[in-house]
Structures are given as structure tokens and as C-alpha cells.
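Chains as they are written, first to last, in the numbering used here: chain H, 1 to 209; chain G, 1 to 211.
Taking it in order: structure first as C-alpha cells, then the write-up.
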Amino acid sequence: MSWTLENWDRLLIALWEHIQLVGAGLAIALAIGLPLGVLSARRPGFALVVLLVSGALYTVPALAIFALLIPYLGLGFWPAIVALVAYALLIIIRNVATGLQEISPDILDAADGMGYGKWRRLFAIELPLALPVIIAGIRITVVTQVSVATVAAFINAGGLGDIIFQGITQDFGEKVVVGAVVTSALAVLCDESLRRVELRLRANQAEAA
Amino acid sequence: MTQWIAANPKIFIVALQNHLWLTGVALSAVLLIALPLGLLLTRQRRFANAAMAIVNILRTVPSLALLVIMLPLLGTGFLPSVVALTLYGLPALLLNTYTGLTEVDADIVDAARGQGFSDHQVMTRIEIPLALPVIFAGIRTAAVQIVSAATLAAFIGGGGLGELITAGMANFNFPQLIAGAVAVALLALSVEIGFAGIERLMTRQLRMGAS
Numbered sequence: 001m002s003w004t005l006e007n008w009d010r011l012l013i014a015l016w017e018h019i020q021l022v023g024a025g026l027a028i029a030l031a032i033g034l035p036l037g038v039l040s041a042r043r044p045g046f047a048l049v050v051l052l053v054s055g056a057l058y059t060v061p062a063l064a065i066f067a068l069l070i071p072y073l074g075l076g077f078w079p080a081i082v083a084l085v086a087y088a089l090l091i092i093i094r095n096v097a098t099g100l101q102e103i104s105p106d107i108l109d110a111a112d113g114m115g116y117g118k119w120r121r122l123f124a125i126e127l128p129l130a131l132p133v134i135i136a137g138i139r140i141t142v143v144t145q146v147s148v149a150t151v152a153a154f155i156n157a158g159g160l161g162d163i164i165f166q167g168i169t170q171d172f173g174e175k176v177v178v179g180a181v182v183t184s185a186l187a188v189l190c191d192e193s194l195r196r197v198e199l200r201l202r203a204n205q206a207e208a209a
Numbered sequence: 001m002t003q004w005i006a007a008n009p010k011i012f013i014v015a016l017q018n019h020l021w022l023t024g025v026a027l028s029a030v031l032l033i034a035l036p037l038g039l040l041l042t043r044q045r046r047f048a049n050a051a052m053a054i055v056n057i058l059r060t061v062p063s064l065a066l067l068v069i070m071l072p073l074l075g076t077g078f079l080p081s082v083v084a085l086t087l088y089g090l091p092a093l094l095l096n097t098y099t100g101l102t103e104v105d106a107d108i109v110d111a112a113r114g115q116g117f118s119d120h121q122v123m124t125r126i127e128i129p130l131a132l133p134v135i136f137a138g139i140r141t142a143a144v145q146i147v148s149a150a151t152l153a154a155f156i157g158g159g160g161l162g163e164l165i166t167a168g169m170a171n172f173n174f175p176q177l178i179a180g181a182v183a184v185a186l187l188a189l190s191v192e193i194g195f196a197g198i199e200r201l202m203t204r205q206l207r208m209g210a211s
């Protein structure tokens, strides 16, 4: 444990870089995925195409996406973000669309009857009601991104994967294990806290209904 | 890229073979463990909750972390890679086997018992066939996850197409890097599409059997 005790600041920096990768990747993915999800819920034909493309992106192995981006975008933080966004789109779009489609038509009719416009209905009624399903999507996305961000160290994007790869090239077991354990702990922590948010939201909605 | 493959056919074929071998062995191990274990857990509900909690944690562990944690335990090479890939694919199939079996309509099971089906007959003729679509969806998820994560086996000396990517990066050999990346991307996509096709055929058959 001596390396960890002497280098906890390097570990914290790597953790912070990792969180930045996931945070930026998630924010951009939401900015793209939310509108595409809303459109997909309204137009089945559009949904088919968008889900097919984002589904294909989701299937390509992480290391392959990073490798394929090198000739176009090079190395570092931003190419890694492009890959993280590519991974997140399927689940976000799918869950936004499902969340919106699961709302009972009676509620939408009532909103229309009360004179809600299209946009006000979307922001005041539909998105809040779809929120638990959207949060469930964000939970899967964050866990996936924590995992993919580990591999991002391969293209010099930093993060906890950097500690792991350093450990491998230096044949230094402790660094490998510490990197792997902290990454796993981060993934489990994100999963559990978002699961609680999701449960709380569902309970609140059940109470209100 | 195609030029690199044409110039180095042996390296490419060995990498592809290793990748398929890693995936095949790990997926078989997942099937051998998850199917009986999932069935057993539906009979031992007391352990099921604890087991599902562990499986849920295992499911969140990043693939690279799972692979490299094998280094101090089992060293480098094929065996540690297969063990890690098996652990990585296990949660998807175990969860689906367990949920698929528990979600079988209790009324149907009762009706079968009423007609004099034995426990064994209920299992083989009612529960397993009805749970099959959910179980197969789990096999498909596990297969895609394993074929994808097998790319990272290159980091612990497990071989496979990922090795073309890491070697290409180390030697600034971009045609090699791209050849590995495109090959593994196509492989993952064909596994996904292939299993989706089988799944569709199966559901159609089941529906025809029911009507």
C-alpha cells in the first residue's frame, strides 16, 4: 500500500480527471439525446433510424472507437469525449422516448383541455412524468461512461485508466490494483446513488397519483 | 487497412482466431454457470436476493478493471483473460435466466400441476420454454459484451484483435491499428445482428407453437 499512501494526490487528480470526462460526456450526450428522444417519441420512423445508428455506435467496442478516432481527431481529452458521447446516445434517446410514450393519453388530453400549448405541456407535464425513466437511462449511461473513460487513457485522455496503464507498463501490481479498485468503486457509487434518486422519484410520483 | 491485412495475413488471422477463441470459451463458461445457477436460485429464494445483489455489483465493474485485476491473481495470458471475460458476461445471463423463470405466470404453472405434471415436467415443458425468449436475450447481451471486452484482453497479454490496436499504437503503425479496430467493430456488430436474427426466428416459432 506504500505507493498509494505516498501518491494519494496523484490518485485524486486521476479520479478528478475521470469525473471530468464522465461529466462532460454526460452533459453533451444529454444536450443531444434529449431533443432526439423527444422527436423519437413523436415520430416512429425517425425513432427507427436514430435508434439503429445509436445502437450500432453502442455495439462497437470502446477501444475500437478510440482507435478509429485517432486519424481524425488525434489524442487527448476531446476525442475521448466524442467517444463517450457516442456510447451514451442509445440509452438516453431510448429512455427519453419510452418515458414519454408511457404517459397515459388521459393526462395529455387533460393538459390539452386546460389549454396547455405544445411546449408548455412538454416541459410542465411530460418531461417531469418521464423523469424516473430518464434517470434510469442516465444511471446506465454513467456506469457505461465510467467504464469507457478507463480505456480513454489509451489515447492520453488521463483519468484512472492512466494509473492502470502505468502500472502495466512499469509491471507495478499495486498501481494496477488501486486503479482498478477505485474505478470500480466509482462505478458502484454512481450506480447506487442514481438508483436511489430513481426510487425516490418513483415513490413521489406514486404518492402524488 | 486492407493493404495491411493483405501484407500480413498470418498476424491478422491469428489475432482473429484468438479473439473468437477467447469469446467462445468465455461464452460457453457463462452458459455452463449461469443457466443451472439461475434455475437453482429460483428454487432457493433465500439465497436469490443476496446472489442478485452481488451480481448487480459485478455488473457495474468496468471491463478493463475486471481484466487487470486478474494480473496479480493469475498473471498474464489466455486463462486470466477468459476468467475475467466469463465474470464480465455472467451477470447479464444470470439476471435474465432468474427473472425469466420467476416471471412465468403462476396460473399456468398451477394449471399444469392440476393436470398432473410432475415438478420435472413443469420445469422442462412449461417454465423453461416460456422463459426462453428472456433467457436468449441474456445470451445475446452476454455474447456482445464478451466479444467487445475481449478487445481489452490485449492489455493483459490475452491476444485477440485488440493486440493489433495496441501494437499499431505502440509502433505508430496506423494501418495496423485501423485494421484491428475495423475488424473488431465489424465482429461485434455481426454478433449483435446474428443473435438478434436468431432471437426473432425463435420468438416467431414460439408464437406459432402457441397458436
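Backbone N, C-alpha and C fix where the C-beta goes; we use that ideal spot for every residue, glycine too.
Within chain G, the residues that residue 63 of chain H reaches when beta carbons sit closer than 7 angstroms: 151, 152, 162, 165
Touch test, the region 12-30 of chain H against the region 81-100 of chain H, Cβ-Cβ under 8 angstroms, three pairs minimum: yes
Interface residues of chain G facing residue 141 of chain H [CB-CB closer than 8 angstroms]: Against chain G, a Cβ distance below 8 angstroms from residue 141 of chain H picks out nothing, because the smallest value is about 13 angstroms.
Under 9 angstroms by beta carbon: chain H residues contacting residue 180 of chain G: 63, 64, 67
Residue nearest to residue 153 of chain G in terms of C-alpha spacing, selected from H:61, H:138, H:43: H:61
Short CB-CB distance (under 8 angstroms) between residue 56 of chain H and chain G: yes
Residue 101 of chain G beta carbon less than 8 angstroms from that of residue 42 of chain G: Their beta carbons are under 8 angstroms apart, which means residue 42 of chain G touches residue 101 of chain G by this criterion.
Buried/exposed call for residue 49 of chain H, threshold 16 Cβ in 10 Å: Result: exposed.
Sufficient close CB pairs (3 or more, under 8 angstroms) joining the region 59-74 of chain G to the region 7-18 of chain G: Between the region 59-74 of chain G and the region 7-18 of chain G there are fewer than three C-beta pairs closer than 8 angstroms, too few to call the two in contact.
Bounding residues of the alpha helix (DSSP H) (the contiguous stretch that carries residue 50 of chain G): 45-60
Minimum Cβ-Cβ distance from residue 98 of chain H to chain G less than 8 angstroms: no
Near-chain H residues of the region 68-84 of chain G - C-beta to any C-beta below 7 angstroms: 68, 69, 71, 72
Proximity winner among G:136, G:175, G:56, relative to residue 212 of chain G (alpha-carbon distances): Outside the displayed span of chain G (1 to 211) sits residue 212 of chain G, for which this structure offers no information.
Extent of the continuous alpha helix (DSSP H) run through residue 137 of chain H: 127-151 is the extent of the alpha helix (DSSP H) around residue 137 of chain H.
Distance, residue 75 of chain G Cα to residue 180 of chain H Cα: Cα atoms of residue 180 of chain H and residue 75 of chain G: separation of roughly 15 angstroms, rounded to the nearest angstrom.
Counted within 10 angstroms of its Cβ, other Cβ atoms place residue 125 of chain G as buried (16 or more) or exposed: exposed
Contacts that residue 61 of chain G makes with chain H (C-beta to C-beta distance below 7 angstroms): 184, 187
8 angstroms Cβ cut-off: residues of chain G touching residue 71 of chain H: 174, 178
Reduced DSSP category for residue 75 of chain H - H, G, I as helix; E, B as strand; rest coil: coil
Residue 171 of chain H in three-state terms, based on DSSP: coil
Reduced DSSP secondary structure (H/G/I, E/B, other) of residue 102 of chain H: coil
Beta-carbon proximity check, residue 143 of chain H vs residue 64 of chain G, cutoff 8 angstroms: Result no, Cβ atoms of residue 143 of chain H and residue 64 of chain G do not sit closer than 8 angstroms.
Members of the region 185-207 of chain G that neighbour chain B once the beta carbon cut-off is set at 7 angstroms: Going by chain labels, chain B is absent from the structure shown, which instead holds the protein chains H and G.
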